[in-house]
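Student: I have a structure here, written as structure tokens, and I will follow up with some questions on it.
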Amino acid sequence: MPSLRLVDVLLERRILVCVGSGGVGKTTTAATLGLAAARRGKRTLVLTIDPARRLANSLGLASLGHAVQEVDRALVRRGAPNANGELHAMMLDQKQAFDEVVAKHAKDPAAVQRILANPVYAQISGSLAGAQEYAAMAKLHDFDQSGVYDLIIVDTPPTAHALDFLDAPRKLSEAIDSPAIDWFRKLQGEGGSRWSLVGKSGAFVIKRLAKFVGSKFIDDLGVFFTEFNDILGGFRQRAEETFALLRQPRVGFLLVASPEPMAVREALAFHERLKSAGMPFVGFVVNKVHPTRPMAKPRTVEPALASQPSIVALGLSGTTRTMAAEALIAAHAELETLAAADQEAVARLRAAGGTEASFVEVPLQRDDVHDVDRLVALEHFLLA
Ligand SMILES: Nc1ncnc2c1ncn2[C@@H]1O[C@H](COP(=O)(O)OP(=O)(O)OP(=O)(O)O)[C@@H](O)[C@H]1O
Ligand SMILES: [Mg+2]
């Protein structure tokens, strides 16, 4: 079977998720691919969960937040193969996304207000294991269902555990079903006094606890868990359904890596993990690869270099010119060594990806990639 081409992935899949370890170029890749798809006529959304401003900067947006913004159409369509596409971007605010989940599943608008205003909620929504990932997935799910976009590209955050979201449904249900939460739920359970429901020892604990945190806080806790029951009921099932979206064949996981040993190790581990979780892996992007630049043998280079008009114009002595040429040759040799090491890393990743996956190398650029022109320049490598 011939290997997948990234351009076909871009034109045929509906959701593309860029994952990889910190700093390898996930945001840059997501932005480049988003732009490339828009320039081929797709209505594209780049959804970033990375709080850094890099995506906004690269796309020429002054700021980016939880509201979808369109990137300047003229900029996107300039010299494009198809001038009908659009590029939209959004930086997901996980707290807001979680509030939206609450609003969607609470029993009525008044309950939404009560839950959001409860001081315990602020704490819980920020620290419940897996909740952030679930909220992000729920947002992705909504965008997908809306049918507004032909393609959604997800840029994942710079975390040490790039595949945390694979464990999120399990963590979430473990957190929700924890004895502590169950206990607080009983505290305000219907049809009985809270003291009788938690039993004698529970009542004792509550009294002691109230001494430290105040009885208002204890009441807030109880009220919160009762209200939140509507949200928690079915939470696990909804989370599992939401995450199941990721396994569909319309989705593609693109693993971004760099040739550095640590990044290669992590990419290989991520790849294994994606495969064992049954996620639709589509390929590797190896970014920031030192290019090999064939150069003539030093002995022929040195005189040629020394006689370059620009060097001669400096009026340097013959010895200084020779020293400059030697330094240049040494620097080049160093780059060649780096390039050779990178090629070994590339070969390892290529072998791991297998023959069906797509595989692209993007050379290390001279400068940071921080505007639309530079993104368009990278497109050439990604879609080659
Ligand atoms: N091919 C490249 N050549 C040179 N610089 C690059 C290249 N690709 C990305 N960069 C630069 O590397 C830095 C990190 O890139 P980027 O922000 O895309 O990585 P990331 O994986 O999203 O990082 P994080 O894990 O922090 O979110 C940026 O300054 C970006 O401009
Ligand atoms: Mg990033």
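Taking my numbering, the leading residue of the sequence shown gets 24, the next gets one more, and so forth. Beta carbons are placed, not taken as given, at the ideal position from N, Cα and C, and that holds for glycine. Please read these numbers as outputs of a predicted model, since none were measured by experiment.
(1) In whole angstroms, what separates the C-alpha of glycine 214 from that of histidine 164?
(2) For alanine 280 and leucine 297, what's the separation of their Cα atoms in angstroms?
(3) So is glutamine 331 buried or exposed if we call it buried at 16+ other beta carbons inside 10 Å?
(4) Apart from the five residues just before and just after threonine 67, which ones in its own chain have a Cβ nearer than 6 angstroms to its Cβ?
(5) Using DSSP bridges, identify the partner residues of isoleucine 176.
(6) Is the separation between the beta-carbon of phenylalanine 266 and that of proline 303 shorter than 8 angstroms?
(7) Can we count threonine 378 as close to ligand 2, meaning its CB is less than 7 angstroms from some heavy atom?
(8) Hey, how far is the Cα of leucine 401 from the Cα of alanine 133?
(9) Let me know the secondary structure DSSP gives alanine 407 once reduced to three states.
(10) Look at the alpha carbon of asparagine 105 and the alpha carbon of leucine 387, and state the distance between them as a whole number of angstroms.
(11) Confirm the yes/no value for this check: CB of valine 177, any heavy atom of ligand 1, distance under 7 angstroms.
(12) Taking 7 angstroms as the cut-off, is the C-beta of lysine 43 nearer than that to any heavy atom in ligand 1?
(13) Mind listing, in chain order, the continuous beta strand (DSSP E) runs of no fewer than 3 residues lying wholly within the segment 326-363?
(14) For glutamine 117, which residues of its own chain have a beta-carbon under 8 angstroms away from its beta-carbon, when the five flanking residues on both sides are left out?
(15) In the DSSP assignment, what residue or residues form a beta bridge with serine 44?
(16) If you run the structure through DSSP and keep just helix, strand and coil, what is glutamate 379?
(17) Looking at chain C, is there any beta carbon in it that lies within less than 8 angstroms of the beta carbon of glutamate 359?
(18) By the DSSP assignment, the alpha helix (DSSP H) with leucine 297 in it spans what residues?
(19) Taking DSSP as the reference, what is the three-state secondary structure of lysine 16?
(20) As an exercise, report each continuous alpha helix (DSSP H) stretch of at least 4 residues that is fully enclosed by the segment 113-200, in chain order.
Tutor: Walking through what the data contain:
(1) Confidence in glycine 214 is poor, its pLDDT being 44 and thus under 50, which makes the residue's placement unreliable; the coordinate value appears in the next sentence. Looking at the two C-alpha atoms, the distance is approximately 37 angstroms.
(2) 14 angstroms
(3) exposed
(4) Gly57, Ala60, Ala61, Leu110, Leu174
(5) Leu39, Val69
(6) no
(7) no
(8) 50 angstroms
(9) coil
(10) 28 angstroms
(11) no
(12) The question names lysine, but residue 43 is glycine in the sequence shown. Checking the Cβ of glycine 43 against ligand 1 gives yes.
(13) none
(14) Ile72, Gln155, Ala158, Ala159
(15) DSSP output for serine 44 lists no bridge partner at all.
(16) coil
(17) Absent from the structure is chain C; it holds one protein chain and no more.
(18) 284-299
(19) Because the chain is modelled from 24 through 407, residue 16 falls outside the range shown and cannot be assessed.
(20) 117-128, 132-140, 142-150, 154-169, 187-199
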